[in-house]
Amino acid sequence: MIDRNDITGIVLAGGKSSRMGTDKGFLKLDNVTFMERLIETLKPFVNEIMIVSNNDKYEQFGYKRLDDCIKDAGPLAGLYTGLYHSKTEYNLVLSCDVPFVNSKILSVLFEGVDPASEVIQLESEGKTMPLIAIYKKQCLQRCLDLLHDGERRLQVAVEQFKTKTISIDSELNQYVQNINTLEQFKALEHAIEH
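Reminder that position 85 of the sequence shown reads as 79 in our numbering, one-by-one numbering, no gaps.
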């Protein structure tokens, strides 16, 4: 397993979700924000945590907040920004809309690290998850090249790297669920309350 001193945690918080009407990182489940949940999960695994968001309200969490180096260029620009500012070879990248990611999920990722892979991502029910992944710093230049070519999607970017995809067991699927709509959020809130 990688030494935690050799890995940076990067949370991509993007901006206001058009489907949610608010920044997802500030949504609360059980009175804890999505961002707080992710930070607590990341802390034992990483040396430093950075939040990539143009919203300065994320500074309230006490970690370095980074504005996108390239504006309005989607999650690929967020990844590029995080890698650009990272001082470590390995970078654990999460989006702020996966509040149930836990140490079991992160352990699966870390166990999959090998010297030949530039990206280690998870797969659940046939869907790859480039926003629950480890990226090596060496991905930086190719991210920039793709951005200059007008690309914004991480799904396309990971195809350009030596990517290892790890399928997770079905009992772990609930922990990688991302929250994209108010309906999903309310259903989760309801499930937690009952």
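Think of the CB as a built atom: it goes at the ideal place given N, C-alpha and C, for glycine as much as any other residue. Just so you know, these numbers come straight off a predicted model, no measurement behind them.
query, result
"Inter-residue CB distance, E105 and C133 (contact presumed, cutoff 8 angstroms)", "Contact doesn't hold; Cβ gap of about 20 angstroms is too wide."
"G3 vs F39 beta-carbon contact at 8 angstroms", "yes"
"Helix, strand or coil at G8 according to DSSP, with G and I counted as helix", "strand"
"Residue from V92, R(-2), E153 and E119 with nearest C-alpha to Y169", "V92"
"For V46: DSSP bridge partner residues", "L6 and L60"
"Beta strand (DSSP E) segment containing Y129, residue limits", "K121 to K130"
"Residues of its chain near F94, where Cβ-Cβ distance is below 8 angstroms and the 5 sequence neighbours each way are ignored", "R31, Q168, Y169, V170 and Q171"
"Euclidean distance between Cα positions of D17 and V46", "13 angstroms"
"Backbone CA spacing between G72 and C63 [nearest angstrom]", "8 angstroms"
"Buried or exposed by the 16-neighbour rule on C-beta atoms within 10 Å, applied to Q135", "exposed"
"Rounded separation between Y84 and Y78 - CA only", "12 angstroms"
"Cβ-based neighbour list, G68, same chain, cut-off 6 angstroms, excluding 5 preceding and 5 following", "R146"
"Closest by C-alpha distance to K130, when choosing among L86, F20 and N48", "L86"
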